[in-house]
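Below: the structure, in structure tokens.
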Amino acid sequence: MDFKKLPFSQMLQDRRVFGIFDDVFQQGTWLNVSALLASESCIEDAYADGTIPSETLDLIVERLEDLQA
Numbered sequence: 001m002d003f004k005k006l007p008f009s010q011m012l013q014d015r016r017v018f019g020i021f022d023d024v025f026q027q028g029t030w031l032n033v034s035a036l037l038a039s040e041s042c043i044e045d046a047y048a049d050g051t052i053p054s055e056t057l058d059l060i061v062e063r064l065e066d067l068q069a
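Given below as structure tokens:
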């Protein structure tokens with residue numbers, strides 16, 4: 001399944017994925033990842049509407065791709 005289309009609420013149930021989001025968010029002092037736990041939005045939505053800065057999403061996507069490899 002394409003993780004970019006998976007809702008945050010599902011994606012963040014995986015501790016490794018949660019850890020990636022948490023680490024990247026803390027580095028950028030952007031947001032607490034727990035704010036996304038109930039979100040039905042996905043990475044594609046966040047890119048489209050700008051709710052999460054694209055630079056932050058780029059870092060997350062890169063690390064998620066490494067996780068899947």
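Quick note on the UniProt record's numbering: the sequence shown kicks off at 1 and runs consecutively. Built from N, CA and C at the ideal position, the CB exists for glycine as well.
*Limits of the unbroken alpha helix (DSSP H) element including ASP23*: 15-27
Under a Cβ-count criterion, where at least 16 other Cβ atoms within 10 Å of its own Cβ denotes burial, should LEU37 be classed as buried or exposed? LEU37 comes out exposed.
Out of curiosity, what's the CA-to-CA distance linking THR51 and GLY19? 20 Å
Exercise. Is ILE52 helix, strand or coil by DSSP?
Worked result: coil
Alpha carbon to alpha carbon, how far is ASP23 from ILE60? Give it in angstroms, no decimals.
9 Å
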